[in-house]
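Q:
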Amino acid sequence: MWSNRGSADERRVGSRTWRWSTVSESPWTPELTLSSASDEMRLNSLDGLPYIPPPRQLPRLPRTRPRTLLRSQTTWPHDPFVLPSVILPPPPALRSFSLTSSQEKLYDSHDPTLRFVDREDELDFLYEGFTSRRALMSCGHAVTPTSLTNWCLKLLDDGESRFVCGQTGCNVEWSYEEVCKMALLTPEEKKHFEKAMSSNAARANTRPCPGCESPVVRTDLFNLRVHCSVCSVNRSGSYDFCWQCLREWKGPDPRSDRCDNDGCCNQSVKTLLTCPYAEFQSVEGVSRCPSIRACPTCGILLQHDNTECKNVVCPRCKVEFCFVCLKLTDNCVITSDEFEPCYRRVAPRQTSIPVWWKS
210 MWSNRGSADE RRVGSRTWRW STVSESPWTP ELTLSSASDE MRLNSLDGLP
260 YIPPPRQLPR LPRTRPRTLL RSQTTWPHDP FVLPSVILPP PPALRSFSLT
310 SSQEKLYDSH DPTLRFVDRE DELDFLYEGF TSRRALMSCG HAVTPTSLTN
360 WCLKLLDDGE SRFVCGQTGC NVEWSYEEVC KMALLTPEEK KHFEKAMSSN
410 AARANTRPCP GCESPVVRTD LFNLRVHCSV CSVNRSGSYD FCWQCLREWK
460 GPDPRSDRCD NDGCCNQSVK TLLTCPYAEF QSVEGVSRCP SIRACPTCGI
510 LLQHDNTECK NVVCPRCKVE FCFVCLKLTD NCVITSDEFE PCYRRVAPRQ
560 TSIPVWWKS
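Here you go:
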């Protein structure tokens, strides 16, 4: 039963009474603070109502941005999905799925495709002590199927549409196929994951209007000036804001680099212009090559780890290109070996982020 006493909420489960107080309200997600409890409680739902564990009961988990890919460190300058220019409703305030699995999953010890190790479960942030054998992900960290499921659910709950390792300093992005296999996802879980991934990806191309805080979708990826129809109606005049600095638009348009507001700058471009030079260990005769490049196909930022050859495969668009001359690998290898200087030499620092046009 629920009971409201002032600003506090109370719920009795079995022989225990759990009580917490609301400290702030938000149109996006409620912020709850536990006021008295002796043990941790995690429930999927009671009486059909989703339950959110109070934040102070959960340890602080590592942030997932910027992301570091295998042999690369990345940030997402923009989302590749192009949506209609509409005002989207805010996401639901309550989570629609649990952060914990109701039943532990176990790896098959005789599965030859898994790499088992005798190490701690590196995704068990709540120290739940899952009993399954530990297996290595592609990033080299040990997981159990249940801890991996919980972590991926946490990412989806945070609005992510991609899965990255939660270990500090790693943040390797895993493919959905790898997650399905290593987390032993059931058909029902796969259906939920795919639905959440699609929904989160759609919302990723929205930003809050600085005038009214309504989420607005950017349709022209080459123009930072975005129109808010809500503010335009409320103010009886057109209202536009800068997608980059989230302030009312100043200056002429279209602009893809910045508006005329002080301090407006593209952090991804700034990273490309100020990053240190790479020091290749296996590629001879290459100097003054920036250590961070924007993928020439999709625009994601990648950092070379200075080992192996000069070619990298973008984990986002799966296109392989030369990190030195920025040509596609198929074109670069015509005139130079993958461990030799490029015929076209080192491409200069990039001053813009390529836009990914998905076919």
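Take the sequence shown: its letters are residues 210 to 568, numbered as in the working numbering. Cβ atoms here follow ideal geometry from the backbone N, Cα and C, with glycine treated the same way. Computed from a prediction, not measured in an experiment: that's the story for all the values here.
What residue range does the beta strand (DSSP E) around residue 449 cover?
A: Residue mapping note: residue 449 aligns to position 240 of the sequence shown, counting from 1. Residues 449-451.
Q: Go through its chain and collect everything with a Cβ distance to residue 459's Cβ below 7 angstroms, but skip five positions before and after it.
A: Residue 459 sits at position 250 when you count from the first residue of the sequence shown. 468, 469 and 470.
Q: Heavy atom of the ligand GTP less than 7 angstroms from the Cβ of residue 537, yes or no?
A: Because no ligand of any kind appears in the structure shown, any question about the ligand GTP cannot be addressed here.
Q: Tell me the residue span of the beta strand (DSSP E) that contains residue 415.
A: As a position in the sequence shown, residue 415 is number 206, starting the count at 1. 415-417 is the span of the beta strand (DSSP E), which, as asked, contains residue 415.
Q: Does the Cβ-Cβ distance between residue 379 and residue 401 come in under 8 angstroms?
A: Here residue 379 refers to the residue found at position 170 of the sequence shown. Here residue 401 refers to the residue found at position 192 of the sequence shown. It is not a contact, given that the beta carbons lie outside the stated cut-off.
Q: State whether the segment 490-497 contacts the segment 473-481, with contact taken as three or more CB pairs (one from each stretch) at a distance under 8 angstroms.
A: Output reads no: the segment 473-481 does not touch the segment 490-497.
Q: Indicate the three-state DSSP secondary structure (helix, strand or coil) for residue 321 in the structure shown.
A: As a first step, residue 321 is located in the sequence shown; it is residue number 112 there, counting from the start. Looking at residue 321 - three-state DSSP - the assignment turns out to be coil, as it is neither helix nor strand.
Q: Could I get the ranges of all uninterrupted beta strand (DSSP E) runs contained in the segment 530-563, with 3 residues as the minimum, in chain order?
A: Fully enclosed beta strand (DSSP E) runs of 3 or longer: not present.
Q: On the DSSP letters alone, give me the boundaries of the beta strand (DSSP E) that residue 439 sits inside.
A: Start at 1 with the first residue of the sequence shown, and residue 439 comes out as number 230. Premise fails: residue 439 lies in the alpha helix (DSSP H), 438-443, not in any beta strand (DSSP E).
Q: Just tell me which of 408, 426, 553 and 535 has its CA closest to the CA of residue 367.
A: Numbered from 1 along the sequence shown, position 158 holds the residue referred to as residue 367. It is 408.
Q: In whole angstroms, what is the alpha-carbon distance linking residue 558 and residue 360?
A: Your numbering for residue 558 matches position 349 in the sequence shown. Your numbering for residue 360 matches position 151 in the sequence shown. Their backbone Cα atoms lie some 37 angstroms apart in a straight line.
Q: Who does residue 501 pair with in a DSSP beta bridge?
A: One-based indexing of the sequence shown puts residue 501 at position 292. Answer is 512, bridged to residue 501.
Q: Less than 8 angstroms between C-beta atoms, sequence neighbours within five positions excluded: which residues of the same chain meet that for residue 522?
A: Against the sequence shown, residue 522 aligns to sequence position 313. Counting only Cβ-Cβ distances below 8 angstroms, and skipping sequence neighbours, we find 528 and 529.
Q: Go ahead and label residue 453 buried or exposed: buried means 16 or more other beta carbons lie within 10 angstroms of its beta carbon, across all protein chains shown.
A: As a working mapping, residue 453 is identified with position 244 in the sequence shown. With 16 or more other Cβ atoms within 10 Å, it is buried.
Q: Would the segment 417-429 count as touching the segment 440-454 if we require 3 or more Cβ pairs under 8 angstroms?
A: Segments in contact, yes.
Q: Hey, how far is the Cα of residue 335 from the Cα of residue 463?
A: On the sequence shown, position 126 is the one that residue 335 refers to. On the sequence shown, position 254 is the one that residue 463 refers to. Each residue's Cα considered, the two are about 48 angstroms apart.
Q: Mind pulling the beta strand (DSSP E) runs of 3 or more residues that sit fully within the segment 381-428?
A: The qualifying runs are 415-417 and 424-426.
Q: Determine the burial state of residue 305: buried for a count of at least 16 other Cβ atoms within 10 Å of its Cβ, exposed for fewer.
A: Translated into positions along the sequence shown, residue 305 becomes position 96. A caution first: residue 305 carries a pLDDT of 42, below 50, which makes its placement in the model unreliable, though a value can still be read off. Residue 305 should be labelled exposed.
Q: With the cut-off set at 8 angstroms, would you say residue 501 and residue 490 are in Cβ contact?
A: For the purposes of this step, residue 501 is identified with residue 292 of the sequence shown, where counting begins at 1. For the purposes of this step, residue 490 is identified with residue 281 of the sequence shown, where counting begins at 1. No, the Cβ-Cβ distance between residue 501 and residue 490 is not below 8 angstroms.
Q: Going by DSSP in three states, residue 352 sits in which element: helix, strand or coil?
A: Along the sequence shown, read from residue 1 onward, the residue named residue 352 stands at position 143. Note: residue 352 maps to strand in three-state DSSP.
Q: In the DSSP assignment, what residue or residues form a beta bridge with residue 457?
A: Taking the sequence shown and counting its residues from 1, one reaches residue 457 at position 248. BP columns for residue 457 point to 450.
Q: Does DSSP classify residue 521 as helix, strand or coil?
A: Walking along the sequence shown from the start, residue 521 turns up at place 312. Residue state, collapsed to three classes: strand.
Q: Which value, in whole angstroms, describes the spacing of the CA atoms of residue 442 and residue 435?
A: On the sequence shown, position 233 is the one that residue 442 refers to. On the sequence shown, position 226 is the one that residue 435 refers to. Roughly 15 angstroms separates the two Cα atoms.
Q: Run the CB neighbour count on residue 377, radius 10 Å, all protein chains shown included, and call it buried at 16 or more, exposed below.
A: In the sequence shown, residue 377 corresponds to position 168, counting from 1. Residue 377 should be labelled exposed.
Q: Among the residues of its own chain, which have a CB less than 7 angstroms from the CB of residue 551, if the five just before and after it don't count?
A: As a working note, residue 551 is residue 342 in the sequence shown. Cβ neighbours of residue 551 beyond the five flanking positions: 531, 533, 534, 541 and 545.
Q: Identify which residue in 404, 354, 396 and 347 has its Cα closest to the Cα of residue 381.
A: The residue given as residue 381 occupies position 172 in the sequence shown. Closest by alpha carbon: 347.
Q: Which first and last residues belong to the beta strand (DSSP E) in which residue 569 is found?
A: Here the chain has residues from 210 to 568 only, and residue 569 is not among them.
Q: If you follow the beta strand (DSSP E) that residue 315 is in, where does it begin and where does it stop?
A: If you number the sequence shown from 1, residue 315 lands on position 106. Run containing residue 315: none; DSSP gives neither H nor E here.
Q: With distances taken from CA atoms, which of 357, 354 and 406 is nearest residue 370?
A: Within the sequence shown, residue 370 is the residue found at index 161, counting from 1. Checking every option, the nearest Cα to that of residue 370 belongs to 406.
Q: I'd like to know whether the C-beta of residue 556 is nearer than 8 angstroms to at least one C-beta of chain D.
A: Annotation note: the requested chain D is absent from the structure, which comprises a single protein chain.
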